[in-house]
Amino acid sequence: MAFVIAAALCAVTFWILTKAKIVSAAARAPALMLAAGAGASLVYRVFGGPFMPSEWVAAGADALLAALAFAAACQFRVSRLASVCPASFRLTIGGAPLFLIVCGLAAFILVPQLPLSAAMLLAGALTLNGAAFDRRAVTDAPAHATIKAAVRLESAAILALGLPVAILLEATASAAPQGMPLVTPLFEASRGLLIGFALGGCLGLAAAVFGNRFKTAQKTGFLPILAGATAFLLAPILGAHPVIAAAAAGLLWGEQSNSLVTTRVRLRRLIERNVAPIAYFAFGVLLAPRILQADLLSIVFALAAVTVMRAGPRLASLKKTTLPKESQMFLAWFGGAPGAASALFLISLFDATSIVAQDAVLTVGALAIAFGVIAARLTARPLVKTFLKETAVAKKRALFAN
C-alpha cells in the first residue's frame, strides 16, 4: 500500500511540475536544488517535524529512479550502440566496469567502516549517472555534436545496463534473514530481476510493435510511457523489481521501435527536466545533513571518486579510439559523474536495514555526490574555455599540416 501511495504522489507531483515554468530553471541548477533541500531539512529539524517513514521514502525514490531508467533505456539500441557511437560503447563496457572496481577497492581501503561488499555497493551507486551532473555545461560547450551525443548516450547506457549490477551488489551486501542460507538475498534479487525484465520486456515490445504499425500513436511517445508505468505498477504484484521492469520496458521499446530520434529526445527531456530537480532536492533534504558526520578518510575518498578515479578509467578506455585528445579529455570529465540517479539509488536504500554498514554507505555516498555537483559548478566554465583553446590549437596544427 505504501508503495502504491508513494508512486501516486510522485506521479501527481510530476504532472504538476510539468506545468511549472520554474522547473526548467531548477533543472539547470542542481547545486541550488541541493542547497535548498539542505536548508529545508535544517529548518524542518529545528522545528522538530516528524520523520517520514523509510518505506515511503524508498518507494518514492524507486518511482523516480524508474522514470530516469526508463527514459535512459529509450535513448539507444543495444545492438547498434557500438556502431552508432563507439566512444559511448567503450565507456559503457570498459570505463564503467573499471571505475566500479577501482572505486570499490579504494572505498574498502580508505574507509574502515566499509566491508568489501558494502564498498562495492557504494561504487555501484556512484557508477549510475543517468542525469548528467552538469548538462548545461555539456550543451553550451563548443564541442562537436557527436561528442555531446556521446555524453548523452553513454550516460543513458550506463544507467540502463548498470542498474541490475547495482541491485545485485545491494543483495550481496545484505545479510540473510535469520535461519536462511547466506545466498538468500542474492537469489531473491536475481529472481526479481528476471521477472522484471520479462514483464517490462513484453510490455515494451508490445508498445513498439503497436507503435510501428500506427505512426500517429508513436510520435506522441504515449505508448512507451504507458508500457513503462504499467510495468512499474504490476511488478510488485508479480514479485518483480519495479525499477528493472520499467527500465526493461524502455530498453525493448528503444530496441524495436522505429521512432525518430526527436521522439526519444523528447521523452528524455520530459522526464529528466522534472525528475532531476526533485532528486537533488530530496537528496539535500534526506542525505545532505550526513555530510557533517564524515571523517577525513571519507572526504579524501569522495574527492578522489569524483575526480581522479572517475576521469582516469574513462580516459584509459578512450585511448584506442580515433578521437582527438581534446575530445577524449572532454568525454572523460563531462560524463560519468554521480548525479540524480546515484542520489535516488542511495535514497532507495533507506528501508534496506539488512545492508551491512548501511549508515556508512549513505554517508560516504552523500559526500561523493555533493562533491560531484560542487566540482561541476566550479570547473565547468574554465574547462570549457580550455577545451575551446585546445580545439583551436588542434585546428591550426591540422591546417599547417595540410
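So in this note's numbering, the last one in the sequence shown is 393, and the numbering has no gaps at all. Even for Gly, the Cβ is constructed at its ideal location relative to N, Cα and C.
Here the segment 307 to 320 does not lie against the segment 100 to 113, with fewer than 3 beta-carbon pairs under 8 Å apart. Distance from the CA of ALA240 to the CA of GLU246, rounded to the nearest whole angstrom, comes to 10 Å.
Put simply, the segment 58 to 73 does not touch the segment 344 to 357. Fewer than three CB pairs are less than 8 Å apart. For PHE178, the uninterrupted alpha helix (DSSP H) segment begins and ends at 175 to 204. SER165 carries a strand assignment under DSSP once its states are collapsed to helix, strand and coil.
Residue pairing by DSSP puts ILE346 in a beta bridge opposite SER165. A residue is called buried when at least 16 other Cβ atoms come within 10 angstroms of its Cβ; ALA359 meets this threshold and is buried.
Sequence-distant Cβ neighbours of CYS94 in its own chain, meaning closer than 7 Å and more than five residues away, are ALA114, LEU117, ALA296, MET300. Pairing GLY327 with GLY85 gives a Cβ-Cβ distance that is not under 8 Å. By the Cβ criterion, the segment 180 to 199 is in contact with the segment 227 to 243, since at least three pairs of Cβ atoms, one from each stretch, lie closer than 8 Å. Counting C-beta pairs with one atom in each stretch, the segment 154 to 170 and the segment 214 to 224 have fewer than three that are closer than 8 Å, which means they do not touch. Annotation: the continuous alpha helix (DSSP H) that includes PRO77 extends over 77 to 81.
Closest by C-alpha distance to PRO227, out of ASP53, MET24, LEU177, LEU33, is ASP53. For THR118, the enclosing alpha helix (DSSP H) has its first and last residue at 107 to 118.
Nearest to SER289 by C-alpha distance, out of ALA97, VAL142, VAL174, is ALA97. When Cβ pairs closer than 8 Å are counted between the two stretches, the segment 172 to 189 is seen not to touch the segment 141 to 153, the count staying below three.
Between the alpha carbons of ALA58 and ALA148 lies a distance of about 15 Å. Assignment of ASN265 by DSSP, reduced to helix, strand and coil, places it in the helix class.
The three-state secondary structure of VAL364, taken from DSSP, is helix. Pairwise C-beta distances place the segment 168 to 180 out of contact with the segment 249 to 269, as fewer than three of them are shorter than 8 Å. Inclusion of ALA49 and PHE341 in the CB contact set at 8 Å is warranted, their separation being smaller than that value.
Boundaries of the alpha helix (DSSP H) around LEU89: 87 to 101. The residue from VAL256, ALA323, PHE362 with its alpha-carbon nearest to that of SER79 is ALA323.
In this structure, the beta-carbon distance from GLY183 to HIS232 falls below 8 Å. Scanning SER318, ALA366, ARG257 for the CA closest to the CA of ALA136 turns up SER318. For ALA231, the three-state secondary structure derived from DSSP is coil.
Under a 10 Å Cβ-count criterion, TYR35 is classified as exposed, with fewer than 16 other Cβ atoms of the shown protein chains found around its own Cβ.
For the 8 Å CB-CB criterion, ALA29 and ILE346 do not form a contact.
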